[in-house]
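So in our numbering the end of the sequence shown lands on 439, straight run, no missing numbers. We treat Cβ as the ideally placed atom computed from N, Cα and C, and that holds for glycine. This structure is a prediction, so every number in the text was calculated from the model and none was measured. Below: the structure, in structure tokens.
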Amino acid sequence: MTTTRRLTGFKPTGHLHLGNLLGALRPLIAAQAATESIALIADLHALTLEHDPERVRAHTLEQATVMLAAGVDPERTPIVVQSHVPEHTGLHYLLECVTGFGEAARMIQFKEKSAGRGHVRLSLLTYPVLMAADILLYDIQQVPVGEDQNQHLELARTIATRFNGRYGETFTVPEGVRPDSAARVMDLADPTAKMGKSQGTGQIGLLDPPQTVRRTIARAVTDELAVVRRDRERQPGVTNLIDILAECTGREPSDPYSYGALKREAADAVEALLTPIRKRHAEFAADPAHVRKILADGAARIRPRAQATVRRTRAALGLLD
Ligand code: AMP
119 MTTTRRLTGF
129 KPTGHLHLGN
139 LLGALRPLIA
149 AQAATESIAL
159 IADLHALTLE
169 HDPERVRAHT
179 LEQATVMLAA
189 GVDPERTPIV
199 VQSHVPEHTG
209 LHYLLECVTG
219 FGEAARMIQF
229 KEKSAGRGHV
239 RLSLLTYPVL
249 MAADILLYDI
259 QQVPVGEDQN
269 QHLELARTIA
279 TRFNGRYGET
289 FTVPEGVRPD
299 SAARVMDLAD
309 PTAKMGKSQG
319 TGQIGLLDPP
329 QTVRRTIARA
339 VTDELAVVRR
349 DRERQPGVTN
359 LIDILAECTG
369 REPSDPYSYG
379 ALKREAADAV
389 EALLTPIRKR
399 HAEFAADPAH
409 VRKILADGAA
419 RIRPRAQATV
429 RRTRAALGLL
439 D
């Protein structure tokens, strides 16, 4: 039986949060049996903006530990640190040779993240090409993507198609997929923005202590309408809480008029999900050498495919072996 090859990436720029869990990790775990997935900790992507080296190192190990705690099975789904497989940067350069400057400069994320900054790292411009390399390296067929990554996935498809047309069939052209189970979790303090890793008051970190989780949900921004219903336009905060409850439990709110009850139910639901993750995290975190061994094994297991891809690409481009 052939299974579909999937890649899900996480940037170690901060602590993993509820959005990462419900939007990416849980779908990855749910699809583990039916797909051949790779969980990539994209540490090179964490260097495209001003960064603190110690924090990137610590977040890389922490993310791996949280993934294991949440249920990623490294036997089925290799957890791989991007920089541990040097073929990522090797293929990146080769792909830059088939990508236009204008194509990279057009990326909305580049425009947004570079606007108003004095010193813009060149890697911020070229990282979508590195992302294309991340995907093409492993003959990935499906990439779960949110809207904000659509443009980057399209670039990967363009690069693969162009390369295959010009230099011969070399890459699998990847497809973007939206897993049924993926939720989009909004910030609890600003429900018009996606929950993210940057410091603020509206995120729920997967390792936050229970009282912090409960306080964050109790303080979630709602509205004056006093009715519990989904209305993303007029009631983004309430809609977010209903969605979080539904994602965690499969249940709808019990009281259609009480925001207090909605928040308590959502907090209980999130806590029920996070309690076992915290516990398993403490176990894995007590043995970082074991986690590092899992990372080393993951990289060793997938590297031959990456090496084969780079060999194929080099040959197609005319490099002497
Ligand atoms: P990042 O945190 O940007 O490295 O993203 C890692 C994965 O989590 C990607 O698949 C994102 O689409 C997903 N993700 C990040 N934030 C959210 C969110 N607020 N809601 C749902 N999915 C998210």
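Do residue j and residue i count as a contact pair if the criterion is CB distance below 9 angstroms?
i      : j      : result
LEU324 : ARG396 : yes
VAL294 : VAL346 : In the sequence under discussion, the amino acid at residue 294 is Gly, which differs from the Val named in the question. Result no, Cβ atoms of GLY294 and VAL346 do not sit closer than 9 angstroms.
LEU392 : VAL339 : no
GLY127 : MET249 : yes
VAL216 : ILE277 : yes
PRO196 : ILE362 : no
MET225 : LEU273 : yes
ALA151 : ARG123 : no
SER474 : ALA149 : Missing from the structure shown is residue 474; the chain here goes from 119 to 439 and no further.
PHE402 : ALA142 : no
ASP298 : LEU125 : no
LYS231 : LEU167 : yes
ALA434 : GLY286 : yes
PHE289 : THR431 : yes
THR357 : ARG348 : yes
VAL263 : ARG296 : yes
CYS366 : ALA384 : yes
PRO192 : ASP415 : yes
TYR375 : ALA336 : no
LEU140 : ALA390 : no
GLN227 : ASP266 : yes
Any idea which residues DSSP pairs residue i with across the strands?
i      : result
LEU125 : ILE156
GLY294 : VAL261
VAL198 : LEU158
GLY323 : HIS135
MET304 : LYS312
Quick check on the burial criterion: 16 or more other C-beta atoms within 10 angstroms. Buried or exposed for residue i?
i      : result
LYS411 : exposed
ALA160 : buried
LYS229 : exposed
GLY355 : buried
GLU351 : exposed
ALA407 : exposed
ARG144 : buried
GLN329 : exposed
ASN268 : exposed
PHE219 : exposed
PRO309 : buried
ARG175 : exposed
ASP326 : buried
GLY234 : exposed
LEU213 : buried
PRO292 : buried
LEU438 : exposed
ALA157 : buried
LEU146 : buried
GLU172 : exposed
ALA311 : exposed
THR121 : exposed
Measuring CB atoms only, is the stretch 238-256 touching the stretch 129-144, in the sense that at least three cross pairs come out at less than 8 angstroms?
no
With three or more C-beta pairs closer than 8 angstroms as the rule, is the stretch 413-432 touching the stretch 193-206?
yes
If contact is defined by three or more beta carbon pairs under 8 angstroms, each pair taking one atom from either stretch, is the stretch 133-153 in contact with the stretch 180-187?
yes
Return the chain-ordered ranges of every alpha helix (DSSP H) run that is complete within the stretch 357-413 and spans a minimum of 4 residues.
377-403
Please go through the stretch 196-235 and give each complete alpha helix (DSSP H) segment of 4 or more residues, from N-terminal end onward.
205-214, 219-223, 226-232
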